[in-house]
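For the sequence shown, the UniProt record's numbering assigns the number 5 to the initial residue and increments by one for each residue that follows. Positions of the beta carbon are idealized from the N, C-alpha and C atoms, including for glycine. Read the structure below first, then the notes.
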Amino acid sequence: KPILVPVLGDQLTRDLASIRGRTKDDTVILMMEVWDEATYVKHHKQKIALIFSAMRHFAAELEDAGWTVDYVKLTDPDNAGSFTGEVARAIERHQPRAIQIVEAGEWRVQQAIEEWPDKFDCEVEILTDDRFLCSLSEFNDWAENRKTLRMEHFYREMRRKTGILMADDGKPEGGEWNYDEDNRASPKEDMDPPARPLFEPDEITRECIDLVEEKFGDHFGSLENFGWPVTRDEAEKAADAFFAERIEKFGKFQDAMVYGQDDLYHSMLSTSINLGLLDPVELCRRAEQAYQDGKAPINSAEGFIRQLIGWREYVRGFYWRFMPDLESNNALNAQRALPEFYWTGETDMRCLADSIRSTKENAHAHHIQRLMVLGNFALIAGLSPREVQDWYLVVYADAYQWVELPNVAAMILYADGGKLASKPYAASGNYINKMSNYCSDCTYSVSKKTEENACPFNSLYWRFMDRHRDRLESNPRIGRIYSNWDRMGEEKQQAYLDRAESFLDTLEPAQDGWARND
Ligand code: FAD
Ligand code: DLZ
Ligand code: SF4
């Protein structure tokens, strides 16, 4: 009797704890395309095609290497539609002596797996996902006795743990832990980002694209630009291109935004990392090497490393510590429906229109668009966390709830009441104007405050500050903003609030059916 090893769609590495060390003649690897996962939200078409294609390629790679793989396609007539249903069928087929599975990335899936020992008449072993540098128990130990959790403190632990960018005396390389201040160049300077490699869909990918068009034709987004890496080889080529051509300016222009330019100097590796095609720590070591070889300045190498062993690990620990409450938190009592333009891109706000266009075409927008354009608008317009969470989970090819939810609920919406971030990331149009070339050609005027054509971010910002004064005034990082507000006087304040309300009145709420099937 073999061991049955279910491998989930984002566990695509032979180094997985459930595959590594197993013998081939004693193991059946089970991979499942299931309806429930493809539709629990109506994922962007590229996201489903990417996951299915990467799964099929990985199954073929395992088979070529001599493993027995039982691969269930979505169109299998007996497909039970869920992981649990498919594992039950596989138990019938293979009569395994035990099941070994690596813990799921997402709460919903892990809940289902934890019911397996009661459901199935065979032993179930759930293994730690050691593709993460920080295990969940290590994160909880770190978090346990702290009044506040801050990424920066956690990140330093991860730097010490790995020795990445550490000098021999235990101090950080270059003397500072964090070079973020050097990572805010405006895009008006010398920018000429080279195009990232796009990978021509092969036969397997084309089949997945056709399947998605056929079964999920009403989902958001276009498949036209599909060029994601779907194998480890392709992902490595994508990483090579980043380290050869873009890492040098990654840091400097990390927060920059340019109309019509979707990748800039970003690595575009999140889809591959999250699927398991690339190892994040290995990527950090390559960034460190680029710095040591004089190919990347320290602010680029450190900035990249911080995103991976800092933010990425931190949000994962945070997710598991605060689920399931994190999903329903709404500390700022934000209730406004998501506007329809988040789905259509039809808005005169040029920053939002361009970010949504990229989202639709590429199933991707870069970090500062997600944070300071789409996220900032959602925060200061008071959009409902549930609806915003669904939107982010649907639209990005790299979106899995463990990484999406902390970024959305906690980082952009402050719905957790400040467990993750020390203050809400609220900003007026001025910030977007400084970091982009969006405003110069926008229907709205970024320098106007309360007039009819004034940038909506300006009045929404003050409306947000005014509404949440009780909560925010005592925050040392925000409090002084209220003296500016008070100095304006009542008439000006009222003009801001009126302008914000009249703008909000123009927003059409999203129609049902974009994010979830009825
Ligand atoms: P780069 O800019 O090249 O960064 C390098 C890597 O660092 C990324 O590939 C990613 O793995 C990691 N990283 C960077 N920032 C973060 C972060 N805040 N949290 C976790 N990892 C990070 N990332 C996802 O992978 N999936 C998501 O669903 C997701 N949702 C987001 C939602 C919001 C509201 C925000 C503000 C950020 C979100 N991010 C998410 C983080 C980040 O925006 C993307 O990882 C990044 O844009 C991916 O592009 P890249 O690979 O070119 O990243
Ligand atoms: C997102 C996704 C989709 C669309 N489809 C599948 C699938 O058919 N089979 C699968 O194994 N995984 C899929 N996934 C990823 C899962 O929803 C989920 O994110 C991971 O299992 C992590 O918990
Ligand atoms: Fe966005 Fe305002 Fe600038 Fe227009 S003026 S692009 S709405 S920040």
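Open item on the list: Checking 7 Å against the spacing of the C-beta atoms, do isoleucine 7 and glutamine 99 come in under that value?
Closed with: Mapped onto the sequence shown, residue 7 falls at position 3. Mapped onto the sequence shown, residue 99 falls at position 95. No, Cβ-Cβ distance for isoleucine 7 and glutamine 99 is not below 7 Å.
Task: Nearest neighbour of tyrosine 404, chosen from Gln497, Tyr323, Asp74 and Ala514 [CA to CA] - done: Within the sequence shown, the letter at position 400 stands for residue 404. Per the Cα distances, Tyr323.
Open item on the list: Do alanine 294 and phenylalanine 247 have their beta-carbon atoms positioned less than 7 Å apart in this structure?
Closed with: Locating residue 247 in the sequence shown gives position 243, where the first residue counts as 1. Locating residue 294 in the sequence shown gives position 290, where the first residue counts as 1. Yes, the Cβ-Cβ distance between phenylalanine 247 and alanine 294 is below 7 Å.
TODO: Tell me where the beta strand (DSSP E) around glutamate 127 begins and ends.
DONE: The count along the sequence shown starts at 1 and reaches residue 127 at position 123. First-last of the beta strand (DSSP E) with glutamate 127: 127–131.
- [ ] Please report the residue range of the alpha helix (DSSP H) in which aspartate 214 lies.
- [x] Taking the first residue of the sequence shown as position 1, residue 214 is located at position 210. Aspartate 214 -> alpha helix (DSSP H) spans 207–219.
TODO: Report yes or no: do three or more beta-carbon pairs, one from the region 310–320 and one from the region 150–161, lie closer than 8 Å?
DONE: yes
TODO: May I ask you to verify whether the region 464–475 touches the region 423–434, counting CB pairs closer than 8 Å and requiring at least 3?
DONE: yes
TODO: With a threshold of 6 Å, establish whether the CB of tyrosine 429 neighbours any heavy atom of the ligand DLZ.
DONE: Sequence index remark: in the sequence shown, residue 429 carries index 425 (1-based). No, the beta carbon of tyrosine 429 sits no closer than 6 Å to any heavy atom of the ligand DLZ.
- [ ] For asparagine 303, I'd like the list of residues in its chain whose CB is within less than 6 Å of its CB, leaving aside the five on either flank, ordered along the chain.
- [x] Working through the sequence shown from its first residue, we reach residue 303 at position 299. Tyr183, Asp186, Asn187 and Gly255.
- [ ] Could you say which of Leu54, Met327, Arg250 and Arg473 lies nearest to glycine 487 if we only look at CA atoms?
- [x] Within the sequence shown, the letter at position 483 stands for residue 487. At residue 487 the sequence reads serine, which differs from the glycine that was named. Of the listed residues, the one whose Cα sits closest to serine 487 is Arg473.
Task: alpha helix (DSSP H) segment containing leucine 268, residue limits - done: Taking the sequence shown and counting its residues from 1, one reaches residue 268 at position 264. That residue, leucine 268, is in no alpha helix (DSSP H); it is neither H nor E in DSSP.
Task: 8 Å CB neighbourhood of glutamate 505 in its chain, flanking five on each side removed - done: In the sequence shown, residue 505 corresponds to position 501, counting from 1. Hits under 8 Å: Arg467.
Open item on the list: Considering only their Cβ atoms, is the gap separating alanine 58 from valine 234 smaller than 7 Å?
Closed with: The residue labelled residue 234 in the question sits at position 230 within the sequence shown. The residue labelled residue 58 in the question sits at position 54 within the sequence shown. Yes. Within cutoff.
Open item on the list: Can you check which of these residues, Leu140, Ser190, Phe136 and Tyr418, is closest to threonine 166 by C-alpha distance?
Closed with: Residue mapping note: residue 166 aligns to position 162 of the sequence shown, counting from 1. Checked all of Leu140, Ser190, Phe136 and Tyr418; the closest Cα to threonine 166 is Phe136.
Open item on the list: Quick check: is any heavy atom of the ligand SF4 less than 6 Å from the C-beta of valine 450?
Closed with: If you number the sequence shown from 1, residue 450 lands on position 446. Because some heavy atom of the ligand SF4 lies under 6 Å away, the Cβ of valine 450 counts as near it: yes.
TODO: With a cut-off of 8 Å on the beta carbons, I'd call proline 389 and alanine 338 a contact; round off their distance for me.
DONE: Walking along the sequence shown from the start, residue 389 turns up at place 385. Walking along the sequence shown from the start, residue 338 turns up at place 334. That belief holds up - the Cβ atoms of proline 389 and alanine 338 are roughly 6 Å apart, short of 8 Å.
Task: Any beta strand (DSSP E) of 3 or more consecutive residues that is wholly inside the region 265–329 - done: none
Task: Beta-bridge partners of serine 449, as assigned by DSSP - done: Taking the sequence shown and counting its residues from 1, one reaches residue 449 at position 445. Paired residues: Ala458.
Task: Per DSSP, the bridge partner or partners of alanine 403 - done: In the sequence shown, residue 403 corresponds to position 399, counting from 1. Beta-bridge pairing links alanine 403 to no other residue.
TODO: Tell me whether the beta-carbon of lysine 179 lies closer than 7 Å to the beta-carbon of glutamine 15.
DONE: Taking the first residue of the sequence shown as position 1, residue 179 is located at position 175. Taking the first residue of the sequence shown as position 1, residue 15 is located at position 11. With the sequence shown as reference, residue 179 is identified as glycine, and lysine is not the correct amino acid for it. Their beta carbons are not under 7 Å apart, which means glycine 179 does not touch glutamine 15 by this criterion.
TODO: Label glycine 70 either buried or exposed according to how many other C-beta atoms from any shown protein chain fall within 10 Å of its C-beta, with 16 as the threshold for buried.
DONE: To locate residue 70, count along the sequence shown from 1; it is residue 66. By the neighbour-count rule (16 or more Cβ atoms within 10 Å), glycine 70 is not buried but exposed.
Open item on the list: At a cut-off of 6 Å, would you count aspartate 14 as near the ligand DLZ, judging by its Cβ distance to the nearest heavy atom?
Closed with: For this step, residue 14 is matched to residue 10 along the sequence shown. At least one heavy atom of the ligand DLZ is nearer than 6 Å to the Cβ of aspartate 14, so yes.
Open item on the list: Tell me which residues pass a beta-carbon proximity test against the ligand FAD: closer than 6 Å to any heavy atom, given in chain order.
Closed with: His270, Ser271, Met272, Leu273, Ser274, Ile277, Asn278, Phe308, Gln311, Leu312, Trp315, Arg316, Val319, His370, His371, Arg374, Leu375, Gly379, Tyr396, Tyr400, Asp402, Ala403, Val407, Glu408, Asn411, Val412, Met415 and Ile416
TODO: Given a cut-off of 7 Å, decide if leucine 282 and alanine 239 are closer than it, judged by their beta-carbon atoms.
DONE: In the sequence shown, the residue the question calls residue 239 occupies position 235. In the sequence shown, the residue the question calls residue 282 occupies position 278. In contact: alanine 239 and leucine 282 (Cβ atoms closer than 7 Å).
Task: Three-state secondary structure assigned by DSSP to alanine 335 - done: As a first step, residue 335 must be located in the sequence shown, where it is residue number 331. Coil.
Task: Alpha carbon of cysteine 459 to alpha carbon of tryptophan 347, nearest angstrom - done: Within the sequence shown, the letter at position 455 stands for residue 459. Within the sequence shown, the letter at position 343 stands for residue 347. Approximately 21 Å, taken between the alpha carbons.
Open item on the list: Assuming the contact rule is C-beta atoms closer than 8 Å, proline 328 and tryptophan 111 should be a hit. Round their C-beta distance to whole Å, please.
Closed with: Reading the sequence shown from its first residue, position 324 is the one you call residue 328. Reading the sequence shown from its first residue, position 107 is the one you call residue 111. Correct: roughly 6 Å between the Cβ atoms.
TODO: Given a cut-off of 7 Å, decide if valine 216 and arginine 520 are closer than it, judged by their beta-carbon atoms.
DONE: As a position in the sequence shown, residue 520 is number 516, starting the count at 1. As a position in the sequence shown, residue 216 is number 212, starting the count at 1. The answer is no: Cβ separation not under 7 Å.
Open item on the list: So, for threonine 17: in the same chain, excluding its five sequence neighbours on each side, which residues have a beta-carbon less than 6 Å away from its beta-carbon?
Closed with: Working through the sequence shown from its first residue, we reach residue 17 at position 13. Excluding residues within five positions, the ones whose Cβ falls inside 6 Å are Gly280.
- [ ] Could you tell me how far apart the beta carbons of alanine 341 and lysine 51 are, in whole angstroms, since I believe they sit closer than 8 Å?
- [x] Here residue 341 refers to the residue found at position 337 when the sequence shown is read from its first residue. Here residue 51 refers to the residue found at position 47 when the sequence shown is read from its first residue. Contact flag wrong, Cβ pair sits at about 24 Å.
TODO: Would you give the residue range spanned by the alpha helix (DSSP H) that leucine 66 belongs to?
DONE: Numbered from 1 along the sequence shown, position 62 holds the residue referred to as residue 66. Leucine 66 -> alpha helix (DSSP H) spans 49–68.
- [ ] Could you pull the start and end residues of the beta strand (DSSP E) that valine 73 belongs to?
- [x] In the sequence shown, residue 73 corresponds to position 69, counting from 1. From DSSP, the beta strand (DSSP E) with valine 73 extends over 72–76.
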